[in-house]
Every structure is written in structure tokens, then in C-alpha cells.
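Read the structure below first, then the notes.
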Amino acid sequence: MNSSSAILPAGVADDLELIAEMTADFARSRDIEESLRVGLQHIASRMEADAASLFLMDEGELVCRACFGPADVTGLRLPHGQGIVWRAVMRNRPQLVRDVATDPDFAHMVDQVTGFSTRSILCAPMSVRDECVGAIELFNKKGGQSFDDDDRRILQALAASAALALINARHAAAMAEQEAFRRELALAADIQRAMLPAAKPADFPIHGVNLPARGVSGDFFDVVELADGRLAFAIADVSGKGMNAALLMAKTASLFRCLAKRLDGPGALLAAIDAELAETGSAGMFVTMVAGVLDPATGQVVLANAGHEPPLMWREGAVERVEGGMPPLGIDPTLFLGGCPESRIDLRGGALYLFTDGLTEARLNGGMLGSEGVEDLLARHHDLPAPERLEAVIADVAQDGLALRDDLTMLVVEGRPMSSNALDRLFPARPERLCDIRHAVAETASRLGCPEPLVNDVVLAVDEACQNIIRHAYGGTGGDIVVQLGREDQRLVVRLIDFAAPVDRAKICSRALDDIRPGGLGTHLMRSIMDEVAFVPPPPGAGNMLQMVKRIGEP
Amino acid sequence: MNIETHNHGETVVVALSGEIDLQHSPSVRRQLMELMFERRDVLVDLARVAYIDSSGIASLVEAYQMARKNTTRFVLVAVSQPVLRVLQLARLDKVFTLADTVDAALAG
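So this is what it looks like as C-alpha cells:
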């Protein structure tokens, strides 16, 4: 600026400096109003005006937002088309009125109210190209003379730069607001994550995962422990995506949490949530939801479905869809007046999978996964412990770097009774899986304080018992074995549960030792190693349970 | 599980290694039966067998019985501790002919 002041006429250099100063004011200040007032003051002094007003466009009217001089008309609204200010704006050209007495557009009303005596007016639109944001009006040049054409050109330039500065400041404010919105969205996502139940230990019967496609999710799942030890669970998918879906999800989740403990049964629960959503819901939004109650002691589940994908019931390698149910929640308050039907499932020895369409509609190998694809994934991973199983399925459909098309939520409910066993795991009854069983048993037996040479013997006994299940109980048709291993005082207790037809115990006995045909050798090894080998009554739903006990430590 | 065979004149040495369980014993059995049908003298080197179950033992028993019928030799060599434990539990350690090394068995 110093170098330019040497070549430019003094007045022009001053004007440039004023423009630069105003732009800097706007950029620096968070308060646009304050910047306008300061800017107007600068302009009025530079132009040697007795008074000045700055008008901004607001919903089709011009509103005075800053004043300088003896009369303050801040807040004055000029309806469309009135006065010299509107003329400047509509023509998008400065208006120079040397004597207001001769101008029919001059509004004498203002002078009458303020007591100010207007002689001449110079008014320039605040516009950049065709965008007009307001106008600056100057009154009465100091010293009694009128504004002139030079003044008109200068004010035109100053008003244009004020407009530019204002537009920039507004953009900056909008960006800041957008940034604040992004931060709020991230905060909302955090709150939502906190609403999901925390990860449970592997032997807990219900596990879930939620993977939002965006920051916030329209899905949720929850598990609530009821006073009598039963577990209420739910999975839901709110129509739509983004913030409004997330808010409706939060509301549904809160209703579930609150009502699950008070109402008996998932049917009544869904009906109550529907009534609440229908009463206060927003048009066009609805919720699909499955709610259920598991009794972990008996493995019995009661389910109710409101428009959600049918859950899948897995048992012994076969998958069955749990069909039936009502329309989604929040559509019509009369739909659930008659209640909501419930289905009862015996979950012992099986697992129930609930998921949102983010899973069935996930892209895999170029196509949609579909419910058969889900069944394939479950079959592939079904021998993993529940939390790992869910992770494995999710990892298959949400591969790194691929954005999810929809929120993805999945819940597994297992029918096995919770146990205090150190090992309690389901294995496929197949020869090639015996090695996994041996490793699991060896690792657990050592951990339980079984002395090393005995570990190998116990592993052999369990292996032989599993072979009997594979070869005799299932007869090569395949199935599952639940291997349980625990320590009860000085006793290492192994329980092997199968889901085959009950075996004829008369056929399971050691052969005489001089008969070295292979058949009875395994059973002989089991009896030689273990202190007790006996079939005991199996848990409901299972086929057989073999219990083997080995005393360890002091006899 | 791995099976290697080496010829030492008329005698075949079958060296087994790894875990011989229900999954792998059928291939052990196939290999041994093949040699039994050829009426070969067989030494089974068990030094590197970490685990054997009743199905693996059964394959050895079946081969032993055929060898006895054929009057060919069938010797278990360098029996590892896990295998010896199972033979003892099955009380078969006195039934099979055992040798400490392949050389000792060949010399015998």
C-alpha cells in the first residue's frame, strides 16, 4: 500500500486503504453486525456525510442494520419498492439526489420522525454482479454542498466491496456452522454407540454387532436383563438414513429399554412401542423390529416380529426361517390394537440369528448376499464362539475399503445353558475336527491344574469318546458335539453332548482284552484312563450326554 | 501326519510322523495292508509320532494279525512315549514285537 500511495492520487489510495481495512474487519470479526457498523462509520467519514444508513435485504424487505449520525433508524423496514434506497437496489445503480425536495420518491416520513433535515442523498446498492445484499445511503455532504459524481463513483466502489466482504463473511459463517454440524454428528454417533450394549463374555447367550454405514445409524440392538433372570432382546431398523432415522432409532431404543422391564412378553412390548410411535411419530417413517425374551435356564424363546426380516433358526446344520408377524411399527395406530402374535421356540442346542437388511442386501462377489448367502456364511463360521462368529460374518460382507450401503446389525441368541465350565464349545462331529477338540481339551485341562502326563491321557479319552459319537451315534451322517470340561474340587469333569438318537447302551461296552479286534479298544482306553465313564441324562433337546471324571491331585 | 517308506533289501521301513487319529489312520492302514498283501517284512518307525488313538492302534493290530498269518515280520521300532503309553493302556505292549532302532530290528 505504501508503494501504491506514491503513484496513485492521494484520494484513491485512501479509498483502497479503506476497502482493504473493511475487508479485513469482516474477515476477522465473528460479528457481522459490528463490522457493518464500523464499516459504515469509515465510509461516512471518508465521504464527509452528516449521516448514513446501511440496509440489508431480509425476506423481500430492506431493513436498516446500521446507522451513523444524529438519527438512528436501525430496525426500520422499507417495504418493497419504497424510497430512494429501493430505487438504487432495483436499478442496481447508485442514485444521486442533489435536492430531495425535487425527488418524488423521497420519503419525508423519516425526517418527520427523526427531526433530521435531509437535503441531498447518495445511495449505492451493495451488490456483486447480480447479487444485491443491500444498500448504503448517505445524507447531506458536510459544508452544505451536494454529493457529486466523484462521490457517486467512490461510494459505488465502497458499497461493492462491503457487499463482497459481507458475502464472504456469510460463507465463512455457513462453513463454520457446517463444521459444527459435523462435530455434532460425530457426537451423536458417540452417544448412539454408547446406547448399544457393551460386549459380553463369550459364554453369555446373546451377542450383537452394529456397523453404521454413516456416522449415525438407523439400526439398533439391545439386551436387557429382567428381574427373574430372563433376557429381553431386540433388533430394529428405522426407515430412512441419516439424522432423522438416528433420532427415531434413539427414541425406539429408549422405549424398548424402558418398556421391556415392565411388560410381559415381546408381543405386548411391540404393541406398546407402536402405540407410542404412532402417537408422536413423524409421517412416512416407520420401524421394523423383532423383540424376544430368552429364558437362559430353559433355552426357551418367545419372539414377536413387526415387519422385520424373518430371524433364522440354526440347529444341527439346518436353517429355518422364523416366519410370521405384524406390519412395521409406527404406520397405523390401529394395527396393533388387537395385540401382536408371539412365536415360541425351543432354542436348546441351536442358535437364533436376527439381522437387518444391511446384511441380506450387502454386496458380495458382485451380487446381493440374500438370505441363502447369510445361511452359507453361518454354515462356514458356525463352529466359532459366538462373538468371533459374528465378527467373521461381518468381515466377509464388510471387506476393508468397501463402503457399506446400509447400516448392518446382527444379533445371535444361543440356546445353550450358561455354564461354569472352563471349556464349553460346540464342534462339528467330523474326524478332521478332532485335532481342534484335542487342542482345546489339552489347553483347558492344563489350565485347570491337570498334571502334564494326565493331560495326554484325558485328551486321548475325550478323543475316543468323540470318535464313538462320530462313528456310532451319528453313524457318519454328521452333527455337532458340545465338549464341556470343568473342574469340580479334585475332579476333572468332561461332558460330551450330542444331538443324535439316544444310543443303545448295551452295545457300548469294552470287549474282553484277549479279543483285540479294534471295535472296543476306544471304550477300553476311556475306561482305563478315566475314573468314571457313564451316560447321564442329557439336557433337554440333546441326544446323549457322556460324563467322564478323572480325579486329579489328592484322591 | 506323514508316511515315508524305505526299502532295506526285502524289508520295508515305514516311518510315520505327526498325529495318527481318526482322520489319518485310514491312510496308515491302507499303506500297511498294501505291504501285507505283498507279504513284505515291515518295520514301523514310530519315533516321530506325537499322538495315536485307538483307530491308529487298530491299524497296527490289523497289520500284526495279517503278518502273523503270513509268517512275515512286523516290528514296531523306536516307539515314542505317547505311542508306548497307549500300547500300555491297551495292554498291547507285550503283544507287538518292539525294537529300539531300525538297525537293531534289521539285524534281528
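So the sequence lines, in the order shown, correspond to chains U and E.
Counting in the working numbering, the first sequence runs from -11 upward without gaps.
Counting in the working numbering, the second sequence runs from 300 upward without gaps.
From the three backbone atoms N, C-alpha and C, an ideal C-beta is built for every residue, glycine too.
None of these values were measured; they are calculated from a predicted model.
Contact list for residue i against chain U, beta-carbon separation under 9 Å
i	result
E/Arg384	Pro441, Asn444, Asp445, Leu448
E/Glu333	In chain order: nothing, as chain U lies at least about 18 Å away.
For residue i, the three-state DSSP class (helix, strand or coil)
i	result
U/Cys246	helix
U/Thr11	helix
U/Ala190	coil
U/Gly69	coil
U/Ala(-6)	With a pLDDT of only 46 at U/Ala(-6), under the threshold of 50, the placement of this residue in the model should not be trusted; the figure read from the coordinates follows. Helix.
U/Val491	coil
E/Thr304	strand
U/Glu349	coil
E/Thr396	strand
U/His296	coil
U/Gln133	coil
E/Val378	coil
U/Leu422	helix
U/Cys454	helix
U/Glu21	helix
U/Pro316	coil
U/Gln100	helix
U/Ser33	helix
U/Glu330	coil
U/Ser149	helix
U/Glu440	helix
U/Phe169	helix
U/Glu520	strand
U/Thr62	coil
U/Asn156	helix
U/Thr397	strand
U/Ile485	strand
Per-residue burial, residue i [other beta carbons within 10 Å of its own, 16 or more giving buried]
i	result
U/Pro92	exposed
U/His296	buried
U/Met536	buried
U/Met97	exposed
U/Gln133	exposed
U/Val429	buried
E/Gly407	exposed
U/Ala500	Unreliable positioning characterises U/Ala500 in this predicted model, as indicated by a pLDDT of 43, which lies under 50. A coordinate reading is not provided.
E/Ala366	buried
U/Ile179	exposed
E/Ala404	buried
U/Arg511	A quick correction: the sequence has Thr, not Arg, at residue 511 of chain U. Label assigned to U/Thr511: buried.
E/Gly355	buried
U/His68	exposed
U/Gly327	exposed
U/Lys130	exposed
U/Thr90	exposed
U/Trp538	Residue identity check: residue 538 of chain U is Lys in the sequence provided, not Trp. Label assigned to U/Lys538: buried.
U/Ala8	exposed
U/Phe244	buried
Under 8 Å from the C-beta of residue i: neighbouring residues of chain E
i	result
U/Gly510	Asp352, Ser353, Ser354
U/Glu431	Here the premise fails: no neighbours, minimum Cβ distance about 15 Å.
U/Ala180	This sequence places Gln at residue 180 of chain U; Ala is not what is there. Within chain E, no residue comes near U/Gln180; the closest Cβ sits about 47 Å away, beyond 8 Å.
U/Ile457	Those within 8 Å of U/Ile457 in chain E number zero; the least Cβ separation is about 11 Å.
Beta-carbon neighbours of residue i, restricted to chain U and to distances below 8 Å
i	result
E/Gln322	Pro419, Glu420, Leu422, Cys423
E/Ala398	Correct list: empty, because the minimum Cβ distance to chain U is about 20 Å.
Closer than 7 Å at the beta carbon, the chain U residues around residue i
i	result
E/Glu318	Cys423
Contact set between residue i and chain E, taken where Cβ atoms lie within less than 7 Å
i	result
U/Asp451	Asp320, Asp352
Contact the region 173 to 184 of chain U vs the region 136 to 154 of chain U: 3+ CB pairs below 8 Å: no
Cβ contact check for the region 35 to 45 of chain U and the region 113 to 123 of chain U: 3 or more pairs under 8 Å: yes
Every unbroken beta strand (DSSP E) within the region 304 to 376 of chain E, with a cutoff of 3 residues, ordered by chain: 310 to 319, 340 to 351, 373 to 376
The region 56 to 69 of chain U touching the region 157 to 173 of chain U, judged by at least three CB pairs closer than 8 Å: no
Cβ contact check for the region 214 to 224 of chain U and the region 275 to 285 of chain U: 3 or more pairs under 8 Å: yes
Runs of alpha helix (DSSP H) wholly within the region 361 to 387 of chain U (minimum 4 residues, chain order): 374 to 385
Unbroken stretches of the beta strand (DSSP E), 3 residues or longer, contained in the region 198 to 266 of chain U: 207 to 213, 219 to 226
Contact between the region 302 to 310 of chain U and the region 469 to 476 of chain U (3+ Cβ pairs under 8 Å): no
Cβ contact (3+ pairs, closer than 8 Å) linking the region 435 to 455 of chain U and the region 373 to 389 of chain E: yes
Touch test, the region 318 to 326 of chain U against the region 353 to 371 of chain U, Cβ-Cβ under 8 Å, three pairs minimum: no
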